[in-house]
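Chemist: Submitted below is the structure of interest, expressed as structure tokens.
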Amino acid sequence: MAKSLGDYIREARRQIREIDCDTLEDWLRSRDDVLVVDVREADEYLEGHLPDAILVPRGNIEALADPDYGHCHPQLAAARDRPVVLYCTSGTRSALAAVTLQEMGFAQVYNLAGGLEVWDAEDKPVIGG
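Counting along the sequence shown from 1, when you hit position 79 you're at 86 in our numbering, and nothing is skipped either side.
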């Protein structure tokens with residue numbers, strides 16, 4: 008039987024760790040080792056993103072996370088042992104990207120539950136837009 012998008016998302020969520028907005032906000036205030044990664048597209052990022060988030064579109068995550076790739080994203084490629092929090096608009100693309108990073112050997116990958124929609128609904132800070 009063919010898989011649906013919902014099947015992929017449910018499977019991903021069983022394999023990853025998710026955090027809520029308050030936890031991420033607390034981490035950003037109290038820690039300096041957290042890397043926040045926006046996996047949306049560049050136009051979405053420019054419309055508004057979390058403070059200090061780097062842009063690594065989901066479609067390029069494997070290449071940009073691989074330190075052996077000549078055009079990797081230096082911050083992401085060097086973050087294999089740091090907490091990495093991924094987000095997208097609703098938390099679905101980032102859940103799929105979290106599975107990918109875990110498979111690539113990233114030890115501390117988290118998905119922001121509900122993504123930017125929930126972050127914004129909770130009146131957390133957004134840059135741009």
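Ideal Cβ positions, reconstructed from N, Cα and C, are used throughout, including at glycine.
How should H78 be labelled, buried or exposed, when 16 other C-beta atoms within 10 angstroms of its C-beta is the threshold for buried?
Modeler: Counting Cβ neighbours within 10 Å, H78 comes out exposed, since fewer than 16 surround it.
Chemist: Just how far apart, CA to CA, sit T30 and T96?
Modeler: If I take the Cα positions, the gap works out to 18 Å.
Chemist: When burial is assigned at 16 or more other CB atoms within 10 Å of the CB, is D45 buried or exposed?
Modeler: So D45 ends up on the buried side.
Chemist: Please tell me whether G121 and G98 are closer than 8 Å, where the distance is taken between their beta carbons.
Modeler: Cβ distance < 8 Å, so G121 and G98 count as in contact.
Chemist: Please name the residue, chosen from Y15, A114, S37, Y94, that lies closest to L57 on a Cα-to-Cα basis.
Modeler: The residue with the shortest Cα to Cα distance from L57 is Y94.
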